[in-house]
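Quick notes on the structure that follows.
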């Protein structure tokens, strides 16, 4: 394997998916049936980085859990003003996540995690092509040869 790549491990009787990076090193992947979404990966720096990123991302998105009951109540009461306020809070959380992701890429521009995160940005509801291009350009040449980087480069060529 020339470059590390993300893979999704699926299970026959579960709807869960385990995302991990397959890289050219020995590592151990342990999955607890009670916590399928949180595998334990030992011996892989890239998977550790991915876990770090996912953990911080989850902390941002936990703020949505707080808003969901408020959203349901406002929707049942047909409270347009409250729905608007909640909608703005949701946009703020999304913006916080996007900023966190781009900052993470800038701080990890020599890691194969960076183009993986940028590629995920291509799947956003609003794609900030300029910001993706700026972040892509700072990646090291080695990282730009990865499959994720090649997909980003193709996207940027088309836009």
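Numbering (my numbering), first residue to last: -10 to 148.
The beta carbon of each residue, even a glycine, is placed where N, CA and C say it ideally should be.
Note that this is a predicted model, so its numbers are computed, not measured.
{"Asked": "Quick test of your reading: residue 93 and residue 106, contact by CB under 8 Å. State the CB separation rounded to the nearest angstrom.", "Found": "6 Å"}
{"Asked": "In chain order, what residues of the same chain have a beta carbon less than 8 Å from the beta carbon of residue -10, not counting five sequence neighbours either side?", "Found": "11, 12, 13"}
{"Asked": "Give the straight-line distance between the Cα atoms of residue 140 and residue 108, rounded to the nearest whole angstrom.", "Found": "7 Å"}
{"Asked": "Would residue 9 and residue 32 be called neighbours here (beta carbons separated by less than 7 Å)?", "Found": "no"}
{"Asked": "Counting pairs of beta carbons, one from the region 87 to 104 and one from the region 70 to 79, are three or more of them closer than 8 Å?", "Found": "no"}
{"Asked": "If we ignore side chains and look at the alpha-carbon of each, how far apart do residue 25 and residue 7 end up?", "Found": "7 Å"}
{"Asked": "Per DSSP, residue -1 is paired with what?", "Found": "6"}
{"Asked": "Helix, strand or coil for residue 17 per DSSP?", "Found": "strand"}
{"Asked": "According to DSSP, residue 11 sits in a beta bridge with which residue or residues?", "Found": "-6"}
{"Asked": "By a C-beta neighbour count over all protein chains shown, 10 Å radius and 16 as the cutoff for buried, is residue 88 buried or exposed?", "Found": "exposed"}
{"Asked": "Which residues share a DSSP beta bridge with residue 31?", "Found": "17"}
{"Asked": "Please report the Cβ distance between residue 129 and residue 98, rounded to the nearest whole angstrom; I am assuming they are in contact, meaning their Cβ atoms lie under 8 Å.", "Found": "6 Å"}
{"Asked": "Where does residue 123 sit, in a helix, a strand or coil, going by DSSP?", "Found": "helix"}
{"Asked": "Report yes if the CB atom of residue 59 is closer than 7 Å to the CB atom of residue 75, and no otherwise.", "Found": "yes"}
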